[in-house]
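Down below is the structure, laid out as structure tokens.
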Amino acid sequence: MRYYNLKDPKTTAGFRDAVIQGISSGMGLFMPERIPVMNADFFRRLPGLALPEIAVEVGAHYTGDDIPWPELRRICDEAFDFPVVLRKVDDRKHVLELFHGPTAAFKDFGARFMSGCFRYFASHDERKTVVLVATSGDTGGAIASGFLGVEGVDVIILYPYGKVSRLQENQLTTLGQNITALEVEGTFDDCQAMVKRALTMPRRDDTVRLTSANSINIARLIPQSFYYFYAIGQAGPGRVLSVPCGNFGNITAAALAWKSGLAIDHLVAATNINRVVPDYLATGVYAPSASIQTIASAMDVGNPGNLDRLRQLFDNDFEALKAGVSGYWFDDDSIRRHIREVHDRSGYTLDPHGAVASMGLDSYLDEHPGATGIFVETAHPSKFSDVIGPLIGKEPDMPEHLKRFLTGKKCSVVMKPGYRYLEEYLAEKYSLR
Ligand SMILES: *Cc1c(COP(=O)(O)O)cnc(C)c1O
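This is the structure in structure tokens:
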């Protein structure tokens, strides 16, 4: 399989190079040259397949010769060694819980698959791979946990001082080993700018390979399509999928699965008040803006990075996109109200992100009486206990494996914002020039 640069389709790369580069020239996103179509035999067997089995069969089309089959099998078995849970809510509604991984958010799927790929690639490279990540919270935790102990790979995470929750900070700073946390005395944007500069800097000699692990890496996108196959396999074909959207990677992965022949009926893009895409779907005018802070904070994105990929999957045809995807947005008050109502009615505790998807699905089902659907729960509610606690009158129970992040000894390197400080640090640690 080849991957082309969305901004310059003549530039292409194989899976391995697309993953290691992360982003193509001119900040262009990599896109698979063709979307594999799964055959009738696969779909007949789908209800009986476990997630790692689906991952190998679908994933092999994307990784091609760059990862041998037994290796891919091992990567998928190790990456997806935690449950995906589909629950029936009522006759028209299911919830797909994607928060049973080590950091209790769906980003574990992408991070763990990507780290498996990096581990394999690093084992064929003399040089050490250094992965740089800027995070405003959840991504860094998933990457840190996914890459912990991976041989030949160091991970350096930049996060803004004082702007992530205690639990999130501990997920970045208490692991140790090959994971280093840089606490930048600035904003998330400062962190991101520092990473970008480091990656685009011309280097005189390559003693290490510097790369990134941000959300636009194709090795994070592809595995996010696997659980949609699983969900439709379990629930049955012909359903609407409602996805809580921020950078629009997760819904783009659903569109990938759809194009591979999965029986999805329609997509719902549910957002918080960062409503650029719902507005775009309503008006045809795309007007990116600065992000606005909400209680569904992992979705506070004003200019979603994956939208170009989603458009491309609909052949850049606005009418086709509109026919396939509906947008809905919700403010913090309605998110809070919905969490409380659902808890009072059924005892089920939503997190703020899943609540947005749940409301998006309800809105669509109200307008389409014959439809049935699945909404996606992307994080465990206990990660947002300061929001959820007051709404349901108690602290949501925390999974045991998260509890250990409440203690643990924080270890970080404090750094001033500005590229030269990062460069100094890298130069010292890896004798980079
Ligand atoms: C990242 C994230 C999202 C948004 O996913 P995108 O792929 O960026 O659209 C939603 N919910 C949670 C909990 C997240 O961490």
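Counting in my numbering, the sequence shown runs from 941 upward without gaps.
Beta carbons are placed, not taken as given, at the ideal position from N, Cα and C, and that holds for glycine.
Remember, predicted model here, so these are calculated numbers, not experimental data.
Would you call the region 1082-1093 and the region 1133-1150 in contact, with 3 or more CB pairs under 8 Å? no
Comparing the CB of Pro1184 with every heavy atom of ligand 1, is any distance shorter than 7 Å? On the sequence shown, position 244 is the one that residue 1184 refers to. Yes.
Contact between the region 995-1003 and the region 1217-1228: three or more CB pairs below 8 Å? no
Quick check: the region 1330-1346 against the region 1308-1317, are at least 3 beta-carbon pairs closer than 8 Å? no
Between the alpha carbons of Ala1238 and Ala1019, how many angstroms are there, rounded? Position 298 of the sequence shown holds residue 1238. Position 79 of the sequence shown holds residue 1019. Those two C-alpha atoms are separated by around 22 Å.
Answer with buried or exposed for Asn1246, where buried requires no fewer than 16 other C-beta atoms within 10 angstroms of its C-beta. Indexing the sequence shown from 1 puts residue 1246 at position 306. So Asn1246 counts as buried.
For Lys1323, does the count of other Cβ atoms within 10 angstroms reach 16, so buried, or fall short, so exposed? Here the question's residue 1323 lines up with position 383 in the sequence shown. Buried: at least 16 other Cβ atoms inside 10 Å.
Comparing the CB of Met1299 with every heavy atom of ligand 1, is any distance shorter than 7 Å? Translated into the one-based positions of the sequence shown, residue 1299 becomes position 359. Met1299 Cβ: outside cutoff for every heavy atom of ligand 1.
What is the rounded straight-line gap between the Cα of Leu1150 and the Cα of Lys1068? If you number the sequence shown from 1, residue 1150 lands on position 210. If you number the sequence shown from 1, residue 1068 lands on position 128. Those two C-alpha atoms are separated by around 9 Å.
Starting from Gly1189, trace the alpha helix (DSSP H) both ways and give me its first and last residue. Here residue 1189 corresponds to residue number 249 of the sequence shown, with the count starting at 1. Gly1189 to Lys1199 is the extent of the alpha helix (DSSP H) around Gly1189.
Below 8 Å, how does it come out for the region 1026-1039 and the region 1100-1118: are there three or more Cβ pairs, yes or no? no
Grouping DSSP H, G and I as helix and E and B as strand, with all else coil, what is Ser1182? For the purposes of this step, residue 1182 is taken as the residue at position 242 of the sequence shown. Looking at Ser1182 - three-state DSSP - the assignment turns out to be strand.
Do you know how far the Cα of Tyr1099 is from the Cα of Asp925? In the structure displayed, the chain extends from 941 to 1373; residue 925 sits before or after that span and is not available.
Across the region 1228-1236 and the region 1189-1205, are there enough close Cβ pairs to call them in contact, namely three or more that are closer than 8 Å? no
Ser1152 burial status per 10 Å Cβ neighbour count (16 or more: buried): The residue you call residue 1152 lines up with position 212 of the sequence shown. Ser1152 comes out buried.
Terminal residues of the beta strand (DSSP E) in which Asn945 lies: Taking the sequence shown and counting its residues from 1, one reaches residue 945 at position 5. Looking at the DSSP string, the run of the beta strand (DSSP E) that includes Asn945 is Arg942 to Asn945.
May I ask you to list the residues that DSSP assigns as paired with Tyr1099? Position 159 of the sequence shown, counted from the start, is the residue given in the question as residue 1099. Tyr1099 pairs with Glu1123.
Check: Thr1318 C-beta below 7 Å from any heavy atom of ligand 1: Counting from 1 along the sequence shown, the entry for residue 1318 is found at position 378. Indeed, a heavy atom of ligand 1 lies less than 7 Å from the Cβ.
Do Thr1289 and Pro1339 have their CB atoms nearer than 8 Å? Reading the sequence shown from its first residue, position 349 is the one you call residue 1289. Reading the sequence shown from its first residue, position 399 is the one you call residue 1339. No, the pair does not count as a contact, with Cβ atoms beyond the cut-off.
Say yes only if the C-beta of Ala1051 is nearer than 7 Å to one or more non-hydrogen atoms of ligand 1, and no if none qualify. Stepping through the sequence shown from its first residue, residue 1051 is reached at position 111. Ala1051: no, Cβ never under 7 Å from ligand 1.
Starting from Leu1107, follow the beta strand (DSSP E) in both directions and report where the run begins and ends. Position 167 of the sequence shown, counting from 1, holds the residue named residue 1107. Looking at the DSSP string, Leu1107 is not in any beta strand (DSSP E); the run it does join, the alpha helix (DSSP H), is Arg1106 to Thr1113.
Per-residue burial, Ala1367 [other beta carbons within 10 Å of its own, 16 or more giving buried]: Residue mapping note: residue 1367 aligns to position 427 of the sequence shown, counting from 1. Ala1367 comes out exposed.
Checking 8 Å against the spacing of the C-beta atoms, do Asp1130 and Pro1357 come in under that value? In the sequence shown, residue 1130 corresponds to position 190, counting from 1. In the sequence shown, residue 1357 corresponds to position 417, counting from 1. A contact, by the Cβ cut-off of 8 Å.
Find the nearest neighbour of Leu1346 within the set Pro987, Ser1371, Ile963 and Arg1106, judged by alpha-carbon distance. By one-based count along the sequence shown, residue 1346 stands at place 406. Comparing Cα positions, the closest option is Arg1106.
For Arg1059, which of helix, strand or coil comes out of DSSP? Along the sequence shown, one-based indexing puts residue 1059 at 119. Note: Arg1059 maps to helix in three-state DSSP.
Since Ala1138 contacts Leu1072 with CB under 8 Å, what's their CB separation in whole angstroms? The residue given as residue 1138 occupies position 198 in the sequence shown. The residue given as residue 1072 occupies position 132 in the sequence shown. Right, their Cβ atoms sit about 6 Å apart.
Excluding the five sequence neighbours on either side, which residues of its own chain have a C-beta within less than 6 Å of the C-beta of Gln1132, listed in chain order? As a first step, residue 1132 must be located in the sequence shown, where it is residue number 192. For Gln1132, where only same-chain residues beyond five positions count, the Cβ hits under 6 Å are Ala1074.
When the distance is taken between beta carbons, is Val1024 closer than 8 Å to Leu991? As a first step, residue 991 must be located in the sequence shown, where it is residue number 51. As a first step, residue 1024 must be located in the sequence shown, where it is residue number 84. Their beta carbons are under 8 Å apart, which means Leu991 touches Val1024 by this criterion.
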